[in-house]
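Enquirer: So the protein lines, in turn, are chains A and B. Residue numbering for the first sequence follows the numbering used here, beginning at 1 and increasing consecutively. Residue numbering for the second sequence follows the numbering used here, beginning at 304 and increasing consecutively. Can you keep this structure in mind? I'll have questions shortly.
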Amino acid sequence: MQDWRKNKLFFAILMAPSAFWLVVFFTIPLAIVWVYSFGGRGPEGQTLIGFSFENYRRAVEWIHLGIIWKSIVIASITTAACLLLGFPLALAIAFAPSRLKNVLLLLVILPFWTNLLIRTYSWIAVLRERGFLNFGLEWLWDRADLLFTFVGMPDLFGEFQPLRLLYNLPAVVIALIHVHLPFMVLPLYATLEKLDRSYLEASLDLGASQWRTLSSVTVPLAMPGIATGVLLTFILSLGSFLAPDLLGGTEGLMIGNLIAHQFGPSRDWAFGSALSFLIMYATFIVLWIRSTVASRSQTGLGI
Amino acid sequence: MSRAIVSIQNVSKLFGSITAVDDVSLDIAEGEFFALLGPSGCGKTTLLRMLAGFEIPSSGRIMIDGQEMEGIDPNRRPVNMVFQSYAVFPHMSVTDNVGYGLKVTGVPRAEIDKRVKEALALVKLDGYERRMPGQLSGGQRQRVALARALIKRPKVLLLDEPLSALDAKLREAMQLELVRLKNAVGITFIIVTHDQDEALSMANRIAVMDRGRVVQVASPAELYEFPNSRFVADFIGKINLLEARVAGMENGRLLADAVGIGRVAVPFSGAAKSEIGLAVRPEKVKLDRSEPAVGRLKIRGRVREIAYYGDESHVFIEDGAGLTITANVPNDARTTQGPVAVGDEVWVSWAPADTLVLTE
């Protein structure tokens, strides 16, 4: 009997549609952008093909480096927060009774059913000066004020001053965590779900506490999922555009907004292309480091 | 018998509406090599996991070393377990695996090093200290799991199907190895297995379980030669079973009318219902060309099939009424011709004293 994998024609036919799609709508446009990144801007904003590193030199000027650095910081904070929130969540879902598991997983991916724009806009309704959060705080404030008036200490708190929660860095980070949490939880869940429970039982059996088991066994064995989740969250949030655009104000500007600006108002596609490719290069380097570490790792865990 | 190190008292375990362990009481003495034997799903692993603390009994109580185990977490029990999958941590070296149980309980570094060295010597893994589990064979991983559990100096070592993942040759070597280890460290071993050969060759006492209940607790030889039920007789070794109707008692002998033989008299003490099973082990059955001596239980038949195993042959004899008797014939002469051939007319016979009377 012939090995069905050897039937190359069969595979060629299967792969043709997706290969066509990827080449025409992904690889070729990407190549064009890459070529643009070495070009320049004409007097009327047209893109001139050429070969110079001028765009890259401009990209690493201090003003742009600042934004790139801020983007990296925002993406790092988002990733760290997603990991801290997502790990216990993924652990809880993985250990939940099987009937509950699917419901919980559904809840995790439920936000995807709402448009990203609407999810981001909704944060404005929550965080703005006359938003839900400030309303809630004001309500609590008034109740506390009433209570202290009641015990004979009127006007201790004074008038409620709404918090300025919008158009700053924290607003961007909050929205990014909200948007990217599923990208952290899902790979973590996938790893924890197939983790052999007897490793955890063995650890307990040998006298380790639950916390010790978590830090010495569960987390190290979940490393492949942690690495995938961290990479996914970091790369996605690094290139964010919508959240900083709508919630960031001037303080929360990220590299995505800078790029958008080049392709929009500035009409400098060549510079925008170079900025885009800076993120691409960074992504490639991170992926390359990951695969190098994985091939050197002796545990065979593919970390 | 010395004092009970493990005392299981009327323990039951329910998973929803399913009774996994049904009112089990067992006393296991210090220094025993005790086996829980039964088919899959009989509750033996659940019972072992209750000893380790991974399952909580629905009712009844468990005492280990004189201490009530209720409410005591797995990490505080004086027992350690060797898991069926070994559960050797893949991200730690052999040394770190073996030393793990000491490290997490705050034993000083110097003592850990010393005891890891001893434990690895005990399981004959010296020289493998720096290896990662991925670089070890299945048998070596199991030795790591053994060393990792034994280094804790538990009162009782629990072994869950420890040999099931090994190939036949290695399994036999490990059986001897486990007995040697048990004698070297002197602690109580409780092993769970579905393999009767494993239980018979290693344990000094065996509890046979069926559908959550303990059916019989006895030494290997007692279980084999004096099973108390059809289930035990059939599960441990092979039997030829004849249905029989009791006709009465006569001078300490039970008279019964057996299918295919007629009226027989076999030694028996105790009470029998009217319907019983008469059984005989295949190796106690003799084949003859001529009619055997008076007094033996005998059936005349024709050889239907012979299964050749090298050291012995299993001969299947069918009588006219469709009854099949198996006889194990040792191949004790160096010849390619067996004592009988397919189609031969033979007499099958056995001594009355070799007959098992199965009332349950």
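Ideal placement from N, C-alpha and C gives every residue a C-beta, glycine not left out.
Which residues of chain B have a Cβ atom closer than 9 Å to the Cβ of A/GLU201, listed in chain order?
Expert: Taking the first residue of the first sequence as 1, we reach residue 201 of chain A at position 201. Neighbours of A/GLU201 on chain B, chain order: ARG352, ALA355, PHE357, PRO377, MET384, PHE386 and ALA390.
Enquirer: Exposed or buried, which one is A/GLU201 when buried takes at least 16 other CB atoms within 10 Å?
Expert: Walking along the first sequence from the start, residue 201 of chain A turns up at place 201. Buried is the call here.
Enquirer: Can you give me, in chain order, the residues of the region 207-236 of chain A that have a beta carbon less than 9 Å from any beta carbon in chain B?
Expert: The residues in question are GLY207, ALA208, SER209, GLN210, ARG212, THR213, SER216, VAL217, PRO220, LEU221 and MET223.
Enquirer: Are the region 60-79 of chain A and the region 148-167 of chain A in contact at 8 Å, needing three or more beta carbon pairs?
Expert: Touching, no, given that fewer than three Cβ pairs across the two stretches are closer than 8 Å.
Enquirer: Grouping DSSP H, G and I as helix and E and B as strand, with all else coil, what is A/ASN115?
Expert: On the first sequence, position 115 is the one that residue 115 of chain A refers to. It is coil, neither helix nor strand.
Enquirer: Please work out which residues of its chain come closer than 7 Å, Cβ to Cβ, to A/LEU275, disregarding the five sequence neighbours upstream and downstream, and give them in chain order.
Expert: Start at 1 with the first residue of the first sequence, and residue 275 of chain A comes out as number 275. Cβ neighbours of A/LEU275 beyond the five flanking positions: ALA59, ILE255, LEU258, ILE259 and GLN262.
Enquirer: Give the interface partners of A/LEU195 over in chain B, defined as CB-CB distance under 7 Å, in chain order.
Expert: Here residue 195 of chain A refers to the residue found at position 195 when the first sequence is read from its first residue. Under the 7 Å cutoff, chain B gives no residues; its nearest Cβ is about 11 Å from A/LEU195.
Enquirer: Give, in chain order, every residue of the region 137-159 of chain A whose Cβ lies closer than 7 Å to some Cβ of chain B.
Expert: So nothing in the stretch comes that close.
Enquirer: Assuming the contact rule is C-beta atoms closer than 8 Å, B/GLU608 and B/VAL645 should be a hit. Round their C-beta distance to whole Å, please.
Expert: Here the question's residue 608 of chain B lines up with position 305 in the second sequence. Here the question's residue 645 of chain B lines up with position 342 in the second sequence. About 7 Å separates the two Cβ atoms, so the contact holds.
Enquirer: For the region 398-427 of chain B, which residues have a CB atom closer than 9 Å to at least one CB atom of chain A, in sequence order?
Expert: From the region 398-427 of chain B, only TYR403, GLY404, LEU405, LYS406, VAL407 and THR408 have a Cβ closer than 9 Å to chain A.
Enquirer: So the alpha helix (DSSP H) B/GLN443 belongs to, where does it begin and stop?
Expert: Here residue 443 of chain B corresponds to residue number 140 of the second sequence, with the count starting at 1. 441-453 is the span of the alpha helix (DSSP H), which, as asked, contains B/GLN443.
Enquirer: Going by the CB atoms, is the gap between A/LEU166 and A/ARG119 shorter than 8 Å?
Expert: For the purposes of this step, residue 119 of chain A is identified with residue 119 of the first sequence, where counting begins at 1. For the purposes of this step, residue 166 of chain A is identified with residue 166 of the first sequence, where counting begins at 1. Not a contact, by the Cβ cut-off of 8 Å.
Enquirer: Please look up how many angstroms separate the CB atoms of B/GLY604 and B/VAL632, rounded, as I've assumed it's under 8 Å.
Expert: The count along the second sequence starts at 1 and reaches residue 604 of chain B at position 301. The count along the second sequence starts at 1 and reaches residue 632 of chain B at position 329. Incorrect: roughly 15 Å between the Cβ atoms, too far for contact.
Enquirer: Using only the alpha-carbon positions, how far apart do B/SER315 and B/GLN370 sit?
Expert: Position 12 of the second sequence, counted from the start, is the residue given in the question as residue 315 of chain B. Position 67 of the second sequence, counted from the start, is the residue given in the question as residue 370 of chain B. Approximately 19 Å, taken between the alpha carbons.
Enquirer: Tell me the residue span of the alpha helix (DSSP H) that contains A/HIS261.
Expert: Within the first sequence, residue 261 of chain A is the residue found at index 261, counting from 1. That run of the alpha helix (DSSP H) goes 255-263.
Enquirer: Could you tell me which residues DSSP pairs with B/ASP470 in its beta bridges?
Expert: Against the second sequence, residue 470 of chain B aligns to sequence position 167. According to DSSP, B/ASP470 bridges with nothing at all.
Enquirer: When you compare the CB positions of B/SER310 and B/ASP330, do they come within less than 8 Å of one another, or not?
Expert: The residue you call residue 310 of chain B lines up with position 7 of the second sequence. The residue you call residue 330 of chain B lines up with position 27 of the second sequence. Yes, the Cβ-Cβ distance between B/SER310 and B/ASP330 is below 8 Å.
Enquirer: Check each residue of the region 259-278 of chain A: if its Cβ is closer than 7 Å to any Cβ of chain B, include it; give the result in chain order.
Expert: From the region 259-278 of chain A, no residue has a Cβ closer than 7 Å to chain B.
Enquirer: For B/MET304, which residues of its own chain have a beta-carbon under 7 Å away from its beta-carbon, when the five flanking residues on both sides are left out?
Expert: Position 1 of the second sequence, counted from the start, is the residue given in the question as residue 304 of chain B. Note that B/MET304 scores 48 on pLDDT, short of 50, meaning its location in the model is unreliable and no value can be drawn from it.
Enquirer: Does the beta-carbon distance from B/ARG352 to B/GLN312 come in below 8 Å?
Expert: In the second sequence, the residue the question calls residue 352 of chain B occupies position 49. In the second sequence, the residue the question calls residue 312 of chain B occupies position 9. The answer is no: Cβ separation not under 8 Å.
Enquirer: Verify whether the separation of the beta carbon atoms of B/VAL606 and B/ASP647 is less than 8 Å.
Expert: Taking the first residue of the second sequence as position 1, residue 606 of chain B is located at position 303. Taking the first residue of the second sequence as position 1, residue 647 of chain B is located at position 344. Yes, Cβ-Cβ distance for B/VAL606 and B/ASP647 is below 8 Å.
Enquirer: Where does the unbroken alpha helix (DSSP H) through B/GLN499 begin, and where does it stop?
Expert: As a first step, residue 499 of chain B must be located in the second sequence, where it is residue number 196. Where B/GLN499 is concerned, the enclosing alpha helix (DSSP H) stretches over 499-505.
Enquirer: Any contact of the region 458-477 of chain B with the region 283-290 of chain A, i.e. 3+ C-beta pairs under 8 Å?
Expert: Judged by Cβ distances under 8 Å, the region 458-477 of chain B makes no contact with the region 283-290 of chain A, as fewer than three pairs qualify.
Enquirer: How should A/THR362 be labelled, buried or exposed, when 16 other C-beta atoms within 10 angstroms of its C-beta is the threshold for buried?
Expert: Only positions 1 to 303 of chain A appear in the structure, and residue 362 of chain A is not among them; the question remains open.
Enquirer: Does the distance from the CB of B/ILE542 to the CB of B/ILE602 come in under 8 Å?
Expert: Mapped onto the second sequence, residue 542 of chain B falls at position 239. Mapped onto the second sequence, residue 602 of chain B falls at position 299. No, Cβ-Cβ distance for B/ILE542 and B/ILE602 is not below 8 Å.
Enquirer: Does the pairing of the region 338-348 of chain B with the region 492-511 of chain B give three or more beta-carbon distances under 8 Å?
Expert: Flag = yes, the region 338-348 of chain B and the region 492-511 of chain B touch.
Enquirer: Within the 8 Å Cβ cut-off, does B/LYS458 reach chain A?
Expert: As a first step, residue 458 of chain B must be located in the second sequence, where it is residue number 155. Taking Cβ atoms only, chain A never reaches closer than 8 Å to B/LYS458, which makes this a no.
Enquirer: Please determine, among B/ASP537, B/VAL562 and B/ILE539, the residue with the shortest C-alpha to C-alpha distance to B/ASN549.
Expert: Here residue 549 of chain B refers to the residue found at position 246 when the second sequence is read from its first residue. Residue identity check: residue 549 of chain B is Val in the sequence provided, not Asn. Among B/ASP537, B/VAL562 and B/ILE539, the Cα nearest to that of B/VAL549 is on B/VAL562.
Enquirer: Closer than 8 Å, CB to CB, is B/SER451 near chain A or not?
Expert: In the second sequence, the residue the question calls residue 451 of chain B occupies position 148. Here the sequence assigns Arg to residue 451 of chain B, which means Ser is not the residue at that position. Yes, its Cβ sits closer than 8 Å to a Cβ of chain A.
Enquirer: Would you tell me roughly how many angstroms separate the C-alpha atoms of A/TYR290 and A/ALA227, rounded to the nearest one?
Expert: Numbered from 1 along the first sequence, position 290 holds the residue referred to as residue 290 of chain A. Numbered from 1 along the first sequence, position 227 holds the residue referred to as residue 227 of chain A. Residue identity differs from the one stated: residue 290 of chain A is Arg in this sequence, not Tyr. So the alpha carbons of these two residues sit roughly 8 Å apart.
Enquirer: Taking the Cβ atom as the reference point for each residue, do A/ASP205 and B/ASN383 lie within a distance shorter than 8 Å?
Expert: For the purposes of this step, residue 205 of chain A is taken as residue 205 along the first sequence, with counting starting at 1. For the purposes of this step, residue 383 of chain B is taken as residue 80 along the second sequence, with counting starting at 1. Cβ distance < 8 Å, so A/ASP205 and B/ASN383 count as in contact.
Enquirer: Kindly list the residues whose CB is nearer than 6 Å to the CB of B/ARG533, restricted to its own chain and excluding five residues on each side of it in sequence; keep chain order.
Expert: Taking the first residue of the second sequence as 1, we reach residue 533 of chain B at position 230. If we look at B/ARG533 and ignore the five residues flanking it on each side, its Cβ neighbours are GLY580 and LEU661.
Enquirer: Residues of the region 604-626 of chain B in Cβ contact with chain A at a cutoff of 8 Å, in chain order, please.
Expert: The region 604-626 of chain B vs chain A, Cβ under 8 Å: nothing.
Enquirer: So B/GLY404 and A/GLY207 are supposed to be a Cβ contact under 8 Å. How far apart are they, rounded?
Expert: To locate residue 404 of chain B, count along the second sequence from 1; it is residue 101. To locate residue 207 of chain A, count along the first sequence from 1; it is residue 207. About 5 Å; that satisfies the 8 Å criterion.
Enquirer: So what's B/VAL511 in DSSP terms, helix, strand or just coil?
Expert: As a first step, residue 511 of chain B must be located in the second sequence, where it is residue number 208. Strand, per DSSP.
Enquirer: Hey, A/VAL173 and A/THR233 are a contact pair by Cβ (cut 8 Å); roughly how many whole angstroms apart?
Expert: Your numbering for residue 173 of chain A matches position 173 in the first sequence. Your numbering for residue 233 of chain A matches position 233 in the first sequence. Their Cβ separation, rounded to whole angstroms, is 12 Å, which puts A/VAL173 and A/THR233 out of contact at 8 Å.
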